[in-house]
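Notes for the one structure printed next.
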Amino acid sequence: MRHSIIALGTAFAALLTPAAAQVQPAPAIKSTNVELPPGDALFPGGSSADAINNNCLACHSADMVLNQPALSRSAWDSEVHKMIKAYRAPIDEGDVPAIVDYLASTKGTK
Amino acid sequence: MPLHRNDRHVRALTRRAVLKTFGVAGMALAGSPAWADQSVRLLFASGPQQRPITPDFPQKGPMILQRTRPPLLETPMEVFDRSVFTPNDQFYVRWHWAVIPTSVDVDAFRLAVRGHVNQVLSLSIGDLLKMPRVELAAVNQCSGNSRGFFSPRVPGAQWAHGAMGNARWTGVRLKDVLDRAGIKSGAIQVRFSGLDEPVVPEAPDFRKSLDLDHARDGEVMIAFAMNGEQMPLLNGFPLRLIVPGWYSTYWVKMLSDIEVLDRSDDNYWMATAYTIPDTPHANVTPGQTGVKMIPISRMVPRSFFTNVTEGASLPAGGSAAIRGIAFGGDTGVAKVELSMDTGRTWQLATLADDFGKYSFRRWQVNIPQLMKGVNSLLVRCTNLSGEVQPSMPNWNNSGFMLNAVETAHITAI
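From first to last, the protein sequence lines stand for chains A and B.
The first sequence begins at 1 in full-length UniProt numbering and counts up one residue at a time.
The second sequence begins at 1 in full-length UniProt numbering and counts up one residue at a time.
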C-alpha cells in the first residue's frame, strides 16, 4: 500500500483527467461502526460546579472549557449568553449567575 | 461499559495529578505503552499549556486531546516532519455538534441533491463510484488553527499549529453531480450539510454554502477516499466536501445533503459564525467595533518548522539541516525563506517535490556552522500570487487566519 502511494506520488500534482483516474481501481468503501469516548467527566469544584455540570455537559465535555485562557467576567458572561442565544443551550436563566461565577473564579482574569 | 461520571472525574483528576507531579512534557510518541501518562506542552503565552495525548478515538493514533465531546483532536507537530501527506490516523478532527452517527451503512447511505434543480437526486456510494473520478492533494486547515497563539488570547478551541493536514483526496467533481441534477436558472448558491446534528433540535444545524460559480469550478469535489483509503469516520466518512484553498469550515463532513439555493444563504454558520473583519489580514485592534464582517474564505500562506521545536538544543559548531512544511493558501508556494538575523536578511530554502498548488510543500535549509548561543530562526512563505507572511501577527475576535512569520529559538551548545 505504502509503496503504491510513493510510486504514484507525483501523479497527484493536479486533478487527473477522468480517463487517467479510472485506471486506478476504486477504493473499497466499507460500512463503519465505531464507539466514541463518552467525555462525561465533571467540572471539578463540588457544589460550586453544580450549575455548570447540570447545564453545560449535555452538549459538550468539560475539558475544552477548562483549557480556555483566563477571561474577564464579562467575556465569560458573553460566552454563556452566546451558548443560550446562538446555540440554543437550554440553560435555566436562574443558573446563569452561578455558571458565570464558576467560570470567572476558576478561569478568570485576576 | 460507560463509567459513572464521578468515576471518570476521579480518573481525570488522577491523570492531572500525575502530569503535575512529573511534569511530563515530551513528545516521544512511538513505542511507549504508557499512553495515559503522555501529554504535550503547547507553548502558548499563558496557561493551560498541557494537553493529554490520547489514543482513545476510533481509527485514530495518538492525538492531542483538545475536547472529548464533540471531538477536537489536534495533530502532533512531529507528524508533519515524517511525510508531506498527513496520515489518516493522525489527521486532525473538529466537530461542532455532539450528535455524530457512530455507524454508517454504506449500502443504505444516500447523498441528496435538491432545491433549485431540474431533477432531484438520491445518490448511493455505488452511483458516485461509477462517475468520472478525480484526485487532488490539498491542505485542510481549520479557520482557527493556531488560535492559542493569539495575543491577547481569545476564547475558542485553543489549537496550536496542528489543526491542519494534507491529504490526497479522491472522489468526483461537485460540478459533475450538479450537472447531473441540472441547475435551474436563477440559482445563486449551493448549500451543504452532513449527518451530524445538534443535541438541541432548535439549535442551528451545521450548513455551509458556496457561490454557484465556485461550486461548479471543477475543483471542488466530493471525496470518498483520503490518501487512497476510505476516510476515518471522524474525518467525514463516507463523503466529504473538498474545497481546495479554502478553510476547512467549508469542507463539510459526512456530506449527505446538497441544496441548490435561489438566494444567498443567511443561515447562522454563514452569516454570523466563521465571519472575519473585511480588512487586510482580517486584522483589527482589540476592542475595535463597527467593522464590516464577511464570511471567511481563502487560505493564506504559512510555513512551519517540523524538525526543531522552540527552545531546542543543537550542537554548536556543527552543521544543521533545518526543515519544515509550507503551503501557499489558495495557490502554490513560490518560495520559502529562512532568516537568522531577525528578518534583516533571508536565504532561500530548498523546496522538495511539488504535489500541486494546494498541497503542503516540504522545505529545507542547511546551516553550515551553527554559532554557539541562542539562534533565532524565522521562516516565511511567499505564494505564487506574491502574498508573503506578515512579520506582525494579525488579530481578530474569533482567532481566525493567523499566518505571521514563525520563529524558533534554538540554543547551540
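Glycine included, C-beta positions come from ideal geometry on N, C-alpha and C.
Exposed unless 16 or more other CB atoms sit within 10 angstroms - verdict on residue i
i, result
"Asn33 of chain A", "exposed"
"Gly218 of chain B", "exposed"
"Ile322 of chain B", "buried"
"His409 of chain B", "exposed"
"Asp213 of chain B", "exposed"
"Ser359 of chain B", "buried"
"Arg82 of chain B", "exposed"
"Ala271 of chain B", "exposed"
"Pro201 of chain B", "exposed"
"Ala51 of chain A", "buried"
"Glu135 of chain B", "buried"
"Val260 of chain B", "buried"
"Phe12 of chain A", "At Phe12 of chain A the pLDDT is 41, less than 50, meaning the model places this residue with poor confidence and gives no usable figure here."
"Gln66 of chain B", "buried"
"residue 414 of chain B", "The requested residue 414 of chain B is not part of the displayed model; chain B covers only 1 to 413."
"Glu387 of chain B", "buried"
"Ile413 of chain B", "exposed"
"Glu93 of chain A", "exposed"
"Asp265 of chain B", "buried"
"Ser90 of chain A", "Residue 90 of chain A is actually Pro in this sequence, not Ser. Classification of Pro90 of chain A: exposed, given that the 10 Å Cβ count is below 16."
"Asp107 of chain B", "exposed"
"Lys184 of chain B", "exposed"
"Asn118 of chain B", "exposed"
"Pro71 of chain B", "buried"
"Gln288 of chain B", "exposed"
"Ala320 of chain B", "buried"
Among the options, nearest to residue i - alpha-carbon criterion
i, options, result
"Thr411 of chain B", "B:Leu370, B:Cys381 and B:Asn396", "B:Leu370"
"Glu78 of chain B", "B:Ala316, B:Pro70 and B:Pro87", "B:Pro87"
"Gly49 of chain B", "B:Ile64, B:Gln59, B:Asp89 and B:Asn166", "Residue identity differs from the one stated: residue 49 of chain B is Gln in this sequence, not Gly. It is B:Ile64."
"Ser151 of chain B", "B:Cys142, B:Asn283, B:Gly182 and B:Ala349", "B:Asn283"
"Thr306 of chain B", "B:Trp251, B:Glu197 and B:Ala326", "B:Ala326"
"residue 113 of chain A", "A:Val96, A:Asp40 and A:Pro90", "Not covered by the structure: residue 113 of chain A. The range shown for chain A is 1 to 110."
"Pro368 of chain B", "B:Gln389, B:Cys381, B:Ala316 and B:Arg380", "B:Ala316"
"Lys372 of chain B", "B:Ala45, B:Ser313, B:Arg240 and B:Trp363", "B:Ser313"
"Ala138 of chain B", "B:Ser264, B:Asp265 and B:Asn166", "B:Asn166"
"Asp89 of chain B", "B:Glu229, B:Lys292, B:Pro238 and B:Pro286", "B:Glu229"
"Arg114 of chain B", "B:Gln189, B:Pro198 and B:Val172", "B:Gln189"
"Trp251 of chain B", "B:Ala349, B:Arg41, B:Thr279 and B:Trp169", "B:Trp169"
"Arg153 of chain B", "B:Gly399, B:Asn403 and B:Ser209", "B:Gly399"
"Phe44 of chain B", "A:Leu103, A:Gln68 and A:Asp77", "A:Gln68"
"Arg216 of chain B", "B:Phe237, B:Met231 and B:Val243", "B:Val243"
"Pro232 of chain B", "B:Cys381, B:Met401, B:Val104 and B:Phe109", "B:Val104"
"Val93 of chain B", "B:Ser143, B:Pro204, B:Ala349 and B:Pro280", "B:Ser143"
"Gly162 of chain B", "B:Ser303, B:Glu74, B:Ala225 and B:Gln288", "B:Glu74"
"Gly329 of chain B", "B:Glu310, B:Ser297, B:Ser319 and B:Thr345", "B:Ser297"
"Ala98 of chain A", "A:Lys30, A:Asp40 and A:Asn55", "A:Asn55"
"Gly156 of chain B", "B:Leu129, B:His116, B:Thr102 and B:Trp95", "B:Trp95"
"Gly182 of chain B", "B:Trp346, B:Gln141, B:His116 and B:Ser124", "B:His116"
Nearest-angstrom Cβ-Cβ length linking residue i and residue j, presumed shorter than 8 Å
i, j, result
"Thr249 of chain B", "Tyr274 of chain B", "5 Å"
"Leu71 of chain A", "Thr106 of chain A", "Actually they are not in contact, since the Cβ atoms of Leu71 of chain A and Thr106 of chain A sit about 11 Å apart, beyond 8 Å."
"Ser391 of chain B", "Met340 of chain B", "The Cβ separation is near 15 Å, so there is no contact."
"Leu338 of chain B", "Val308 of chain B", "Their Cβ separation, rounded to whole angstroms, is 11 Å, which puts Leu338 of chain B and Val308 of chain B out of contact at 8 Å."
"Trp246 of chain B", "Met299 of chain B", "7 Å"
"Pro37 of chain A", "Asp56 of chain B", "5 Å"
"Asn403 of chain B", "Val333 of chain B", "The pair is not a contact, with the Cβ atoms about 13 Å apart (cut-off 8 Å)."
"Ser303 of chain B", "Gln389 of chain B", "7 Å"
Residues near residue i by beta carbon distance below 6 Å, same chain, minus five either side
i, result
"Asp257 of chain B", "Ala112 and Ser193"
"Phe80 of chain B", "Thr306 and Ile325"
"Lys292 of chain B", "Asp278"
Own chain, CB closer than 7 Å to residue i, minus 5 neighbours either side, in chain order
i, result
"Arg207 of chain B", "Arg191, Phe192, Ser193, Asn267 and Trp269"
"Asn6 of chain B", "Interpretation of Asn6 of chain B is limited by its pLDDT of 34, a score under 50 that renders its predicted location unreliable; the figure taken from the coordinates is listed afterwards. Counting only Cβ-Cβ distances below 7 Å, and skipping sequence neighbours, we find nothing."
"Arg180 of chain B", "Leu121"
"Asn396 of chain B", "Ile276, Pro277, Ala282, Asn283 and Val284"
"Ser385 of chain B", "Thr331"
"Ile294 of chain B", "Thr275, Ile276 and Asp278"
"residue 422 of chain B", "Nothing about residue 422 of chain B can be reported from this structure: the residues present for chain B run from 1 to 413 only."
"Ala104 of chain A", "Arg73 and Trp76"
beta-carbon residue i near the ligand ADP non-hydrogen atom, thresh 6 Å
i, result
"Asp211 of chain B", "Summarising the ligand content, the structure contains no ligands, and the ligand ADP is consequently not present."
Close beta carbons around residue i, own chain, < 8 Å, minus the five adjacent residues each side
i, result
"Leu42 of chain A", "Ala49, Asn53, Leu57 and Ala62"
"Ala30 of chain B", "Only weak support exists for where Ala30 of chain B lies, its pLDDT of 36 falling under 50; the value from the coordinates is given anyway. Correct list: empty, nothing qualifies."
"Val84 of chain B", "Asn166, Ile325, Ala352, Asp353, Phe355, Ser359, Phe360, Arg361 and Arg362"
"Pro132 of chain B", "Val172, Arg173 and Asp176"
"Val199 of chain B", "Trp97, Ala98 and Val99"
"Tyr102 of chain A", "Phe43, Gly45, Ser48, Ala49, Ala51 and Ile52"
Cβ of residue i within 7 Å of any chain D Cβ
i, result
"Arg67 of chain B", "No chain D is part of this structure, whose protein chains are labelled A and B."
Within the stretch 109-141 of chain B, note down every full alpha helix (DSSP H) run reaching 4 residues or more, in order along the chain. 125-129
Starting from the N-terminal side, write out each stretch of the alpha helix (DSSP H) that is 4 residues or longer and does not extend beyond the stretch 315-391 of chain B. none
In chain order, which beta strand (DSSP E) runs of at least 3 residues are fully inside the stretch 197-280 of chain B? 207-211, 221-226, 240-242, 255-261 and 275-277
Just list the beta strand (DSSP E) runs in the stretch 52-95 of chain B, keeping only unbroken ones of 3 residues or longer that don't cross its boundaries, in chain order. 63-67 and 72-74
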